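Numbering (my numbering), first residue to last: 1443 to 1696.
Before any comments, here is the structure.
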């Protein structure tokens, strides 16, 4: 079964959750045979989410399950604030992602020069430490783009990422979180899926569940390379993916 659990129906603020906008995203999903589509807006658009349209659009598309999620930009100092949001809204699932190290939005093209100021091995360790704190917070269901720090192609030299992330993978397994296969990395400078195949293989060896995601910000990106991601998962050994409804996890065959 094909799903896409990381769709931004507001894009980068381009769309407004009108029924026509939502329908455009869903129709692309149907064209690539998705059976579930999860709208997971960035948390900074939380107050602009049109809950009525998100909930009612399902009736127009009975052939696909529409799930309502949220992608939260994790900051350790905001855990209480985040917990408050999540209690107030009827999410089916919540993605936790690390996009910032301090005030630095390291995945933004305008901020790439900051990488030159870092020892890249140290940077990866700082990033993975933040991911570990995200996991330990127990606030989330899914971890977004697990190795996002590689986005611009900067790689550690003294250690391999799959070695550096090993303690975090053990935490993920213990916490019962899901890792997404996020195909958007194939269209970034790194030109590689998130997480890498080596890290994804370690996820499988740790029995960490996965789901499939495009990280779409435009209707035409919904379900992009999801079939490819399914074949990658199957080649590694996965036979099931995680789905969610009302913060409850379920598993379906790939």
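In this text, a Cβ means the ideal position worked out from N, Cα and C, and glycines have one as well.
Quick caveat, the model's predicted, so the values are computed rather than measured.
Is it a yes or a no for the region 1555 to 1567 touching the region 1465 to 1485, going by three-plus beta-carbon pairs under 8 Å?
Fewer than three Cβ pairs drawn from the region 1555 to 1567 and the region 1465 to 1485 lie within less than 8 Å of each other, which leaves the two stretches out of contact.
For the region 1461 to 1486, list the alpha helix (DSSP H) runs that are entirely contained and at least 4 residues long, ordered along the chain.
Inside the region 1461 to 1486, DSSP marks whole alpha helix (DSSP H) runs of 4 or more residues at positions 1461 to 1473, from first to last along the chain.
Outcome for residue 1529 when other beta-carbon atoms lying within 10 angstroms are tallied against a minimum of 16:
Here residue 1529 refers to the residue found at position 87 when the chain shown is read from its first residue. Under this definition residue 1529 is an exposed residue.
Suppose only complete runs of 4+ residues qualify. What are the alpha helix (DSSP H) ranges in the region 1595 to 1674, listed by chain order?
Runs of the alpha helix (DSSP H) inside the region 1595 to 1674: 1603 to 1606, 1608 to 1617, 1639 to 1647.
Which one of 1541, 1475, 1492, 1565 has the shortest CA to CA distance from residue 1587?
Position 145 of the chain shown, counted from the first residue, corresponds to residue 1587. Measuring C-alpha to C-alpha distances from residue 1587 to each of 1541, 1475, 1492, 1565 identifies 1541 as the nearest.
Tell me the DSSP secondary structure of residue 1488 in three-state form.
Translated into the one-based positions of the chain shown, residue 1488 becomes position 46. Reduced to three states, the DSSP call for residue 1488 is helix.
Let's see if you can read the secondary structure: which residues bound the beta strand (DSSP E) around residue 1447?
Taking the first residue of the chain shown as 1, we reach residue 1447 at position 5. Element bounds for residue 1447: 1445 to 1449.
Presumed contact (8 Å Cβ cut-off) between residue 1593 and residue 1549, rounded CB distance
In the chain shown, residue 1593 corresponds to position 151, counting from 1. In the chain shown, residue 1549 corresponds to position 107, counting from 1. Indeed they touch by this definition, with Cβ atoms about 5 Å apart.
Can we say the region 1667 to 1677 touches the region 1596 to 1613, given the rule of at least three CB pairs closer than 8 Å?
A contact between stretches requires three or more CB pairs, one per stretch, nearer than 8 Å, and the region 1667 to 1677 fails this requirement with the region 1596 to 1613.
Give me the DSSP bridge partner(s) of residue 1509.
On the chain shown, residue 1509 is found 67 positions in, with the first residue counted as 1. 1480, per the DSSP bridge assignment.
Reduced DSSP secondary structure (H/G/I, E/B, other) of residue 1526
Taking the first residue of the chain shown as 1, we reach residue 1526 at position 84. In the structure shown, residue 1526 sits in a helix (DSSP, three-state: H, G or I).
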